[in-house]
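As structure tokens, the structure follows; a few thoughts come after it.
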Amino acid sequence: MKKTLLVFAAILLFGLAGFAQDDEYPKFELTGMASAFMADVDVLGNETLWGWGIAGQGNINKYFGIVAEWNANHGESIIPDSITEQGDVALDLRVQTMLFGPRFSYRAKAVTVFGHFLMGAGTLKVDDEQNTIPDFEDRTSWQFAYAIGGGLDINLGKHFAIRPIQLDYVFMDSDWIQNTDDPSGPGAFNNVRYNFGATFKF
Numbered sequence: 032m033k034k035t036l037l038v039f040a041a042i043l044l045f046g047l048a049g050f051a052q053d054d055e056y057p058k059f060e061l062t063g064m065a066s067a068f069m070a071d072v073d074v075l076g077n078e079t080l081w082g083w084g085i086a087g088q089g090n091i092n093k094y095f096g097i098v099a100e101w102n103a104n105h106g107e108s109i110i111p112d113s114i115t116e117q118g119d120v121a122l123d124l125r126v127q128t129m130l131f132g133p134r135f136s137y138r139a140k141a142v143t144v145f146g147h148f149l150m151g152a153g154t155l156k157v158d159d160e161q162n163t164i165p166d167f168e169d170r171t172s173w174q175f176a177y178a179i180g181g182g183l184d185i186n187l188g189k190h191f192a193i194r195p196i197q198l199d200y201v202f203m204d205s206d207w208i209q210n211t212d213d214p215s216g217p218g219a220f221n222n223v224r225y226n227f228g229a230t231f232k233f
């Protein structure tokens, strides 16, 4: 009877050890990213803005974590004379987002696939650096924003991965976009953002 109990206990311990090994996951992940932000502003030519971002992810378990992510993108857009009636005007565009929220991950040895819903604040800043538009008004302010999306990490080791794709739909309120229901309020700024980079796992 004792031998049977010992064998059973040994099997149980080995099983628990194997289960624990299968459930190993990084407690924290730090990601640096290059970023392409496809801005939905018709009058500005729906420009693609380039930039970078950084994200920190604290994992509660193998499948669930909390993410804090900051992105900044910059570009130049030309407004044609047909709109300004003062010749072509070059405007400087800057977009920033600061978002937080849950991320769900499926972790395999070779890859990690994830999806998330992040909320926070964002801003669209438009600068007339050449002072070509009379009475130009900069209405920059931080307003509500969220992102829905996901991506893929290719694991190159226990502590390092390449992120070839993170694709998000990004919504922002913005004073630069006219609200058809309430012209005095912020309008909907709908965009797509593609990030790629590297992840360090701790």
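The sequence shown begins at 32 in my numbering and counts up one residue at a time.
Don't be surprised by glycine CBs; every beta carbon is placed ideally from N, CA and C.
Note that this is a predicted model, so its numbers are computed, not measured.
| Query | Result |
| --- | --- |
| What are the residues that DSSP puts in a beta bridge with Trp83? | Ala65, Ala103 |
| Within 10 angstroms of its Cβ, does Ala86 collect 16 or more other Cβ (buried), or is it exposed? | buried |
| Report buried or exposed for Pro57, applying the criterion of at least 16 other Cβ atoms within 10 angstroms of its Cβ. | buried |
| Quick one: what's Ser136 bridged to in DSSP? | Phe145 |
| Hey, Gly96 and Asn90 are a contact pair by Cβ (cut 8 Å); roughly how many whole angstroms apart? | 4 Å |
| First and last residue of the beta strand (DSSP E) that includes Asp71? | Premise fails: Asp71 is in no beta strand (DSSP E) and is neither H nor E. |
| Name the DSSP bridge partner or partners of Glu60? | Gln88, Lys232 |
| Within 10 angstroms of its Cβ, does Glu55 collect 16 or more other Cβ (buried), or is it exposed? | exposed |
| Using three-state DSSP, classify Tyr94 as helix, strand or coil. | coil |
| Within a Cβ cutoff of 8 Å, which residues of the same chain sit near Thr79, ignoring the five residues on either side of it in sequence? | Ala67, Phe68, Met69, Ala70, Gly106 |
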